[in-house]
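These protein sequence lines are chains A and B, in that order.
Note that the first sequence covers residues 1 to 396 in this note's numbering.
Note that the second sequence covers residues 397 to 792 in this note's numbering.
Idealized CB from N, CA, C, for every residue including glycine.
It should be emphasised that the depicted structure is a prediction, and the values quoted were computed from it without experimental measurement.
Protein chains: 2
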Amino acid sequence: MPNHFTPHAAGDLNYLKSLNRSTILSTVRRYPGLSRADIALRTGLTKATVGSVVNALSDSGWLREGELHARGGGRPGRSLYLDGEHHVMLGAEVGVKGLRVVACNLQGELLASQRLDDSPTTPAQTAAVLARLIEALRGDPAIATRPCLGLGVALPGPVAPQAPILRLAPNLGWVDVDFLALLRAELDWPAGVWLLDNEANAAAFGEFYFIEGAPPESIAYLSAGSGIGCGVVSGEHFPVIPRGHQGLVGEIGHTVLVAEGARCHCGNHGCAETLVSGWMLRESLGVEADASLSASLLARLDEPEVRAALARAGRALGLLMLNLHHTLNPSMLILGGSLMRLGEPLVAPALAYFDAHQNDLLRQTQRVPVKVVEDSTFTAARGAAAQVMARAAIEV
Amino acid sequence: MPNHFTPHAAGDLNYLKSLNRSTILSTVRRYPGLSRADIALRTGLTKATVGSVVNALSDSGWLREGELHARGGGRPGRSLYLDGEHHVMLGAEVGVKGLRVVACNLQGELLASQRLDDSPTTPAQTAAVLARLIEALRGDPAIATRPCLGLGVALPGPVAPQAPILRLAPNLGWVDVDFLALLRAELDWPAGVWLLDNEANAAAFGEFYFIEGAPPESIAYLSAGSGIGCGVVSGEHFPVIPRGHQGLVGEIGHTVLVAEGARCHCGNHGCAETLVSGWMLRESLGVEADASLSASLLARLDEPEVRAALARAGRALGLLMLNLHHTLNPSMLILGGSLMRLGEPLVAPALAYFDAHQNDLLRQTQRVPVKVVEDSTFTAARGAAAQVMARAAIEV
DNA sequence: AGAGTTAGTAAATAGTATTAACTAATGGCG
DNA sequence: CGCCATTAGTTAATACTATTTACTAACTCT
Chain A
1 MPNHFTPHAA GDLNYLKSLN RSTILSTVRR YPGLSRADIA LRTGLTKATV
51 GSVVNALSDS GWLREGELHA RGGGRPGRSL YLDGEHHVML GAEVGVKGLR
101 VVACNLQGEL LASQRLDDSP TTPAQTAAVL ARLIEALRGD PAIATRPCLG
151 LGVALPGPVA PQAPILRLAP NLGWVDVDFL ALLRAELDWP AGVWLLDNEA
201 NAAAFGEFYF IEGAPPESIA YLSAGSGIGC GVVSGEHFPV IPRGHQGLVG
251 EIGHTVLVAE GARCHCGNHG CAETLVSGWM LRESLGVEAD ASLSASLLAR
301 LDEPEVRAAL ARAGRALGLL MLNLHHTLNP SMLILGGSLM RLGEPLVAPA
351 LAYFDAHQND LLRQTQRVPV KVVEDSTFTA ARGAAAQVMA RAAIEV
Chain B
397 MPNHFTPHAA GDLNYLKSLN RSTILSTVRR YPGLSRADIA LRTGLTKATV
447 GSVVNALSDS GWLREGELHA RGGGRPGRSL YLDGEHHVML GAEVGVKGLR
497 VVACNLQGEL LASQRLDDSP TTPAQTAAVL ARLIEALRGD PAIATRPCLG
547 LGVALPGPVA PQAPILRLAP NLGWVDVDFL ALLRAELDWP AGVWLLDNEA
597 NAAAFGEFYF IEGAPPESIA YLSAGSGIGC GVVSGEHFPV IPRGHQGLVG
647 EIGHTVLVAE GARCHCGNHG CAETLVSGWM LRESLGVEAD ASLSASLLAR
697 LDEPEVRAAL ARAGRALGLL MLNLHHTLNP SMLILGGSLM RLGEPLVAPA
747 LAYFDAHQND LLRQTQRVPV KVVEDSTFTA ARGAAAQVMA RAAIEV
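Structure follows, in C-alpha cells:
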C-alpha cells in the first residue's frame, strides 16, 4: 500500500532494481570503505550486479571510489564511500521556541544551518518566515551549486499517516495544517522530495540512519521539550518508523501515569506530561512564558525548590523510559529535546530510577544503552534531511 | 535481514516471484470471489502475470475457481477462492491452564481441535503430551489425507526475535526453552514450516490475517489471562508483528501504572498486572490455585466484594487500553484471554473508563472500535496456524 | 619472473513481468 | 437470429533483471 512515507508497493522489475540499488547504497552508508566484492558478500548479490549498480551510482554522484586496500594476496579492492561532495538534502524544524534549517551531505554532515529563535505564530506566517530561511540557506556558496534532493520538515505534533498533514500541535495551537502546501506557495522551487513528519520521529530517524556499522535492532528517541514525544526506528537497510492508525505511536507524553491525577492540557488527567515536560516546569516554577526555560532554570539551580522539582521530573522520566521498554522495546534509548540542556539535575535521577527499577525480564539481558544528547538544536532538522535521502535513494 | 520470522532479504528474481505470488494469494484471502482481471486491477500487476500465477496456484491446491459472474456486458470473470479442501495448517497453544491444538484450512476454518485442561509441568513433559495431542489430531480422518503446511506453537511468554526460543514464561516457571526442538524429538514428522511465537502475538496475527475485506491499519489484541499481554499486527497483504529488541513489544502487563505500588512477581512494583490479571484476582479473592478462576468467580458474582474487585480491575484495564493508544496506536482493539469469560462485570467498567478518558487527540477522530472475544479457547492456536500459512505462502 | 589469489568486467544465459495480439464468452441491439 | 461492442483470459514476442561463466586486472608470495 503506497502512501507518502512508503512510496511503492512492489511488483515489477523496476522495484527489484530500486530495492537492490538502495540496499547497496545503504550497505556503503553503514560500512564505508567496502569494496564491490565486500558488498557482494554482504548483500548476497553477485559481483556482476554489484559492479553495474555501483558504477551507475558513481556516475550519478552518489558514490565515490577511494583508496585501494589489499587483504592478503590478490588484487586489492577499491574502497567505496558515499559521495559527500555532490548532493545535498535540506531539513527544517518548526519548534515551539524557534525555527531551524540545515543542509546536509550524503554522509549526514551539516554543511550549513540557519536558526531563528522567535516563537512561530500562525502556520502561514511561519511558512513565509521559514521559506526566507531556506532561501538564505540555498544561497550559501557552499551549497548553492549542488543538486538538492529535496526538503524535509519536522513539526511538534503527530502527522497523519495517510497524508503529509499536521494533525495537532498543542504547543503551537495548530490543528490540521497542510504545512507543505503553505511552504510550496512561498518557495518557487523545482525540487525533488518533500516530506513532513513529527519532530521526534524525524530526530529518531536521523540518529538511526547515520549510525555507522551494524545498527541496533531499533532505537527510541525520547524528546523532552515543551511536551514529551518519542520516535521509534528499526530496520538496518530500510529504516521504518511505526506510526499506527493516527500517527500516535510514541505519543507517550499522554500515557496516564497517575489515575485521576493532575489535569493535562490534552483534556485528560495524570498524563506523563503533567509530571515531566517543559510546560509543567514552567508553570510549577513560575518562569515567564517568553523566557527560555532552560536558561532560566540553569540560573536557578542552587534553589532547593528547583532542584527538587527537577529530581521529581527526572524520576517520572525514568518511569517513562521503563514503560517504553515494555511497550516499544527498543534496543537503544536516546534522550534529547531542549530539557536535556538542564543536564545532571534532571538526567541523573532519570537514569537512577531507570536502573533501579529494571524487572526480571530486563535484568536477564544486557542493560539497554542510553545515550543523552545535550544539544539537540539541529537533530530533528538533520533527521528530516535524512528522511529525504532515504526516499531519494529509493526513487532515483 | 532474514530471521525466523522474516525468511528472506530480497534481491533476486525468485524473491520477486514469491512477492507477487504472495500478494495475489493475499488479495484473494482479503477479497474472496475476485476474478483474475479484478486482481490485476487491484494489485497493479498485468493480466498476463496474474493469469500465470493464478493457474499455478490452482494447480498446487491453493486456489480454486468458483462460479462465473457477469458485470455489465462482456465475458464474465471466474471467481477465485482460497481452496479450503486441500492444505491444512496445525496450530497449538501451551497455556497456563492447558493445551490446545487445532487444524485449519486455508480459509481459517477449524477442521478439528483437541484440548487438555491440565496445567503443563516441565517443558519436556509438556512437549511429549502435546506431541500425542498433535498425533491424535493428525489421525483425524477429516485431515489425515491432506497435505500439511506446518505447525505453529504459541507460548505464554516473550519469544526471542532472533531465534525461535521462549525467553521466559513466568506463569509456567520456564526460562530459555527451545520448545520446538523438544517437540521435534517427540514428533517424527517430515513437515514444512515450524514456528514459535508468543500467545498474544499469535492470537493477534490470526484475528488480523483472516479479516475479509480491507483490514484496519493495525490491530492490538489485548490478552487478559493469568498475565496481561498484547500483540500488535499491521500490513494489509503482509501482516507484520513488531517485536522489538527482546521481543517485549506489547508486554504492557509490566508497564508501571502506580509508582512504588504493590509488588509484582516480575520483581518490580506497581505493574499493570498488580491491578488487573488472573493471578492478582486469584490472590486477592482467595481462589484455590488449581481451580478455574473464571468458573469460581462466575459463581460468586453476587458477592459485592467480588463485583467491586472486578470493577476495580476493569477500570485498570480501561486505563491500559488508553495508554496502548498513545504508544502503539492500533486502529482496532480486541479484548481476549480467559478473563473475558467473566463478561460484563469486568468488561463494562473497562469500556466505560476507556470512553470517559479519551483525550482531545483521540476525540478529534472516530472512536477506535473495540471487539470483545468472550471465548478465546482456540484463538491463539488458530493464530499460530495462520502464521504457518503466511510463511508457507511466501516459501511455496 | 612466475604461480597463486582476489577484484572487477564482459558476454551469454535464465527467468521475470510486460506488451501486444489473440481467442473466448457474454449482453445488447437491430 | 446474427452482428457488434465489451470484458476476461491466454499466448507469443519483448524488454529488462540478475546470474553464470569466462575472462582480464592487479597485487603478494616464493
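With H, G and I counted as helix, E and B as strand and the rest as coil, what does DSSP make of B:LEU644? Judged by DSSP in its simplified three-state form, B:LEU644 adopts coil rather than helix or strand.
Measure the alpha-carbon distance for A:ASN14 versus B:LEU415 and round it to whole angstroms. If you take the alpha carbons of A:ASN14 and B:LEU415, they lie about 14 Å apart.
Measure from the C-beta of B:GLY407 to each C-beta in chain A and report whether the shortest distance is under 8 Å. Contacts with chain A at 8 Å (Cβ-Cβ) include B:GLY407.
Using a Cβ-Cβ cutoff of less than 7 Å, which residues in the same chain neighbour A:MET389 once the five nearest sequence positions on both sides are dropped? MET89, LEU106 and LEU149.
Along chain B, which residues have their Cβ under 7 Å away from the Cβ of A:HIS86? Chain B residues near A:HIS86: none, gap ~27 Å exceeds 7 Å.
Identify the continuous beta strand (DSSP E) that holds B:ALA499 and give its terminal residues. For B:ALA499, the enclosing beta strand (DSSP E) starts and ends at 494-500.
Closer than 8 Å, CB to CB, is A:LEU310 near chain B or not? Taking Cβ atoms only, chain B never reaches closer than 8 Å to A:LEU310, which makes this a no.
What residues in the segment 358-371 of chain A bring their beta carbon closer than 9 Å to a beta carbon of chain B? Taking 9 Å as the Cβ-Cβ cut-off against chain B, the residues of the segment 358-371 of chain A that qualify are GLN358, ASN359, ASP360, LEU361, LEU362, ARG363, GLN364, THR365 and VAL368.
With distances taken from CA atoms, which of B:SER727, B:VAL769 and B:GLU632 is nearest B:VAL743? For the options B:SER727, B:VAL769 and B:GLU632, the alpha carbon positioned closest to that of B:VAL743 is the one of B:VAL769.
Whole angstroms is fine: what's the gap from B:ARG763's alpha carbon to B:PHE601's? If you draw a straight line from the Cα of B:ARG763 to the Cα of B:PHE601, it comes to about 22 Å.
How many angstroms separate the CA atom of A:ALA144 from the CA atom of A:CYS104? Straight-line spacing of the CA atoms in A:ALA144 and A:CYS104 works out to 12 Å.
With 8 Å set as the bound, which would you pick, yes or no: does the beta-carbon of A:ILE252 sit closer than that to a beta-carbon of chain B? Closer than 8 Å: yes.
Under 7 Å Cβ to Cβ from B:LEU644, same chain only, skipping five residues before and after it: list those, please. Same-chain partners within the cutoff: PRO554.
Mind checking B:PRO398: buried by the 16 CB within 10 Å criterion, or exposed? Confidence at B:PRO398 is low in this model, with a pLDDT of 44, below 50, so the placement of that residue is unreliable and no value is reported for it.
Please name the residue, chosen from B:ALA704, B:VAL525 and B:THR518, that lies closest to B:ARG511 on a Cα-to-Cα basis. Nearest option by C-alpha distance: B:VAL525.
Would you mind sorting A:PRO120 into buried or exposed? The rule is 16 or more other CB atoms within 10 Å of its CB. By the neighbour-count rule (16 or more Cβ atoms within 10 Å), A:PRO120 is buried.
Which partner residues of B:GLN510 appear in the DSSP bridge assignment? Secondary-structure assignment with DSSP links B:GLN510 through a beta bridge to B:VAL497.
For A:ASP12, which of helix, strand or coil comes out of DSSP? Of the three classes helix, strand and coil, the one that applies to A:ASP12 here is coil, per DSSP.
What does the alpha-carbon distance come out to for the pair B:ARG580 and B:ARG474? Our two residues, B:ARG580 and B:ARG474, have alpha carbons roughly 42 Å apart in a direct line.
Can you give the Cα-Cα distance for A:ILE228 and B:ARG737, rounded to whole angstroms? When rounded, the distance between both Cα atoms is 38 Å.
Where the alpha helix (DSSP H) through B:TRP675 begins and ends: Unbroken alpha helix (DSSP H) run through B:TRP675: 674-681.
Identify, in the order they occur along the chain, each residue of the same chain with its Cβ nearer than 7 Å to the Cβ of B:LEU529, setting aside the five sequence neighbours on each side. Exclusion of the five residues before and after B:LEU529 leaves LEU495, VAL497, GLN510 and LEU512 as the residues of its chain whose Cβ lies within less than 7 Å of its Cβ.
Are the C-beta of B:THR775 and some C-beta of chain A separated by less than 8 Å? Not closer than 8 Å to any Cβ of chain A, the Cβ of B:THR775 fails to qualify, so no.
Quick one: using the 10 Å Cβ neighbour count with 16 as the cut-off for buried, is A:THR274 buried or exposed? Buried.
What would DSSP say about A:ARG71, mapped onto helix, strand or coil? In this structure, A:ARG71 counts as coil in the three-state DSSP scheme.
A:THR6 versus A:THR126: straight-line alpha-carbon distance, rounded: Residue placement at A:THR6 cannot be trusted, given a pLDDT of 48 that sits under 50; what the coordinates show is reported in the next sentence. Their Cα atoms are separated by approximately 28 Å.
Is A:PRO7 close to chain B? Criterion is C-beta to C-beta, closer than 8 Å. Model confidence at A:PRO7 stands at a pLDDT of 44, short of 50, so the residue's coordinates are unreliable; what they give is reported in the following sentence. The Cβ of A:PRO7 sits no closer than 8 Å to any Cβ of chain B.
Whole alpha helix (DSSP H) elements within the segment 269-344 of chain A, 4-residue minimum: Runs found: 278-285, 293-298 and 304-327.
Hey, would you say A:PRO349 sits closer than 8 Å to A:ALA291, going by beta carbons? Not a contact, by the Cβ cut-off of 8 Å.
Give a yes or no on whether the C-beta atoms belonging to B:VAL674 and B:LEU689 are separated by under 8 Å. First, the residue type needs correcting, since residue 674 of chain B is Gly and not Val in the sequence shown. When the beta-carbon positions are compared, B:GLY674 and B:LEU689 come within less than 8 Å of each other.
Can you list, in chain order, the stretches of the beta strand (DSSP E) that have 3 or more residues and sit fully within the segment 406-467 of chain B? You should have 459-465.
Between the C-alpha atoms of B:ALA596 and A:SER226, what's the straight-line distance to the nearest angstrom? Each residue's alpha carbon lies about 36 Å from the other.
Members of the segment 433-445 of chain B near chain A, C-beta cut-off 8 Å: Going along the segment 433-445 of chain B in chain order, one finds THR439, GLY440 and LEU441 with a Cβ nearer than 8 Å to chain A.
Does DSSP put B:GLU489 in a helix, a strand or coil? Residue state for B:GLU489 is assigned as strand, using DSSP reduced to three classes.
Quick one: which residues of the segment 719-753 of chain B get their C-beta closer than 7 Å to a C-beta of chain A? List them in chain order. Of all residues in the segment 719-753 of chain B, ASN719, HIS721, HIS722, THR723, LEU724, ASN725, PRO726, SER727 and HIS753 have a Cβ within less than 7 Å of some Cβ in chain A.
Between the CA atoms of A:ILE394 and A:LEU25 - distance to the nearest angstrom: Cα to Cα, the separation comes out at about 10 Å.
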